[in-house]
Each structure stands twice: as C-alpha cells, then as structure tokens.
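Colleague:
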Amino acid sequence: MTDTIDAKLAELGLTLPEAAAPVAAYVPAVEAGGLLYVSGQLPFLDGQLMTGRLGEDRDLDYGRQAAERCGLMLIAQIKKALGGDLGRVERVVKLGVFVNSAADFTDQPKVANGASELMQALFGEAGRHARSAVGVPALPLGAAVEVDAVVALRR
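The working numbering puts the sequence shown at residues 15 to 169.
1) Rounding to the nearest angstrom, what Cα-Cα distance links E139 and L49 in this structure?
2) Taking the beta strand (DSSP E) that R145 falls in, what are its first and last residues?
3) Buried or exposed for Y76, please, with buried defined as at least 16 other CB atoms from any protein chain shown within 10 angstroms of its CB.
4) Do you know how far the Cα of E32 is from the Cα of D60?
5) Buried or exposed: which applies to P151, given that a residue is buried once 16 or more other Cβ atoms fall within 10 Å of its Cβ?
6) Per DSSP, what are the beta-bridge partners of S115 in this structure?
7) Quickly, what does DSSP pair Q91 with across the bridge? List them, please.
8) CB of L59 to nearest heavy atom of the ligand ZN: below 7 Å?
9) Does the distance from the CB of L56 to the CB of L155 come in under 8 Å?
10) Q122: buried (16+ other C-beta within 10 angstroms of its C-beta) or exposed?
11) Residue range of the beta strand (DSSP E) that G54 falls in?
12) What are the start and end residues of the alpha helix (DSSP H) that includes A126?
13) Are there 16 or more other CB atoms within 10 angstroms of the CB of A11, so buried, or fewer, so exposed?
14) Along the chain, where does the beta strand (DSSP E) that runs through E45 open and close?
15) Do A90 and L30 count as a contact pair if the criterion is CB distance below 8 Å?
16) Compute the distance between the beta-carbons of L23 and E104, then report whether it is under 8 Å.
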C-alpha cells in the first residue's frame with residue numbers, strides 16, 4: 015500500500031513531509047488495541063508553519079490548504095509509527111479538526127474537508143471517517159489548524 019499511497023500523492027502533486035518531532039511532553043503516535051492514535055499535527059508548507067486565524071486574517075481556502083497539510087503530516091506520522099508500512103492501515107476511523115477561528119467564523123467543516131478529502135483520495139473507501147470540526151480561539155504556536163487521528167490497523 016505504501017507504493018500505492020506514494021503514487022496517489024504524486025498524482026495529486028503532493029509529497030510527504032518528514033514526520034515532525036513533538037513540541038511538548040507527548041509522543042506522536044500510540045498503538046493500542048488494534049488502533050493507532052496520532053497526536054494533533056500542525057500544517058507546514060515549504061518548511062514554514064501555516065499560522066493565523068480563520069475569519070480574521072486568513073480565508074477559507076487558506077484553512078482548507080492548512081488542513082490538507084495537517085493530513086499529510088498525519089500520514090507521515092502514521093508511516094513512521096508503522097515502520098514505513100502503510101499497508102497496515104485498515105481504515106481511517108476518525109479525524110479531530112481544530113480550527114483557529116474568529117468568533118463569527120462558522121465554516122470549520124469546510125476547512126476540515128481539506129484533511130478529509132485527502133484521506134479519501136489516498137485510502138479510498140477506507141479513508142472515509144467520522145470527524146469533529148471545532149473552532150477554537152488559539153492553537154499551539156499560532157497554527158491555523160490542527161488535526162489528530164484514530165486509525166484502525168491490520169495485525
């Protein structure tokens with residue numbers, strides 16, 4: 015499956031970033047009970063953190079791109095946690111999407127689609143998932159979006 019994911023990424027004109035190191039006292043991913051819990055990932059584009067608040071100094075398109083970049087970082091973390099074997103991914107179970115939002119911004123679900131649509135493009139039906147999309151007043155390091163994941167694994 016790793017080759018398939020790499021091919022799909024190439025078709026989309028995307029590449030996986032290096033899995034980011036934690037910025038505090040946690041680990042990037044924990045495998046337990048057939049599930050992989052992936053800590054919240056931040057959006058990086060060309061090595062720079064995508065920052066800002068949606069509805070204030072950033073627009074919907076920027077937010078969707080930031081969510082997609084979080085999705086790429088999630089895949090990078092999953093790949094690293096699984097020793098490079100994305101073939102162990104059975105299904106993306108759930109994404110939690112946190113959007114740094116102005117009080118009157120209500121398009122968090124549209125922002126979250128950036129990560130959701132990436133998972134579906136890469137994993138097909140197994141990429142369809144449950145999801146939360148929540149507006150928050152601030153995120154670590156001023157990030158525009160943060161996304162975490164729960165992934166079911168093959169043994």
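Note that the Cβ used here is the ideal one computed from N, Cα and C, for glycine as well.
It should be emphasised that the depicted structure is a prediction, and the values quoted were computed from it without experimental measurement.
Modeller: A quick look at the data gives this:
1) Along the sequence shown, read from residue 1 onward, the residue named residue 139 stands at position 125. Along the sequence shown, read from residue 1 onward, the residue named residue 49 stands at position 35. The alpha-carbon separation between E139 and L49 amounts to approximately 18 Å.
2) Taking the first residue of the sequence shown as 1, we reach residue 145 at position 131. Here the beta strand (DSSP E) through R145 covers A144 to V150.
3) Stepping through the sequence shown from its first residue, residue 76 is reached at position 62. In summary, Y76 is buried, with 16 or more beta-carbon neighbours lying within 10 Å of its beta-carbon over all protein chains present.
4) Residue mapping note: residue 60 aligns to position 46 of the sequence shown, counting from 1. Residue mapping note: residue 32 aligns to position 18 of the sequence shown, counting from 1. For D60 and E32, the distance between alpha carbons rounds to 11 Å.
5) Walking along the sequence shown from the start, residue 151 turns up at place 137. With fewer than 16 other Cβ atoms within 10 Å, it is exposed.
6) As a position in the sequence shown, residue 115 is number 101, starting the count at 1. Residue pairing for S115: DSSP places it in a beta bridge opposite L68.
7) The residue labelled residue 91 in the question sits at position 77 within the sequence shown. Paired residue(s): none; Q91 is not in a bridge.
8) The ligand content of the structure shown is nil, which means the ligand ZN is not present either.
9) Numbered from its first residue, the sequence shown carries residue 56 at position 42. Numbered from its first residue, the sequence shown carries residue 155 at position 141. Against a cut-off of 8 Å, the Cβ pair of L155 and L56 comes out as a contact.
10) Numbered from its first residue, the sequence shown carries residue 122 at position 108. Buried, because 16 or more other Cβ atoms sit within 10 Å of the Cβ of Q122.
11) Along the sequence shown, one-based indexing puts residue 54 at 40. Annotation: the continuous beta strand (DSSP E) that includes G54 extends over L49 to Q55.
12) Counting from one through the sequence shown, the residue named residue 126 turns up at place 112. If you look at A126, you'll find it in the alpha helix (DSSP H) that goes Q122 to F137.
13) Here the chain has residues from 15 to 169 only, and residue 11 is not among them.
14) Counting from 1 along the sequence shown, the entry for residue 45 is found at position 31. For E45, the uninterrupted beta strand (DSSP E) run begins and ends at A43 to A46, by DSSP.
15) Translated into positions along the sequence shown, residue 30 becomes position 16. Translated into positions along the sequence shown, residue 90 becomes position 76. The Cβ atoms of L30 and A90 sit closer than 8 Å to each other.
16) By 1-based counting over the sequence shown, the position of residue 23 is 9. By 1-based counting over the sequence shown, the position of residue 104 is 90. It is not a contact, given that the beta carbons lie outside the stated cut-off.
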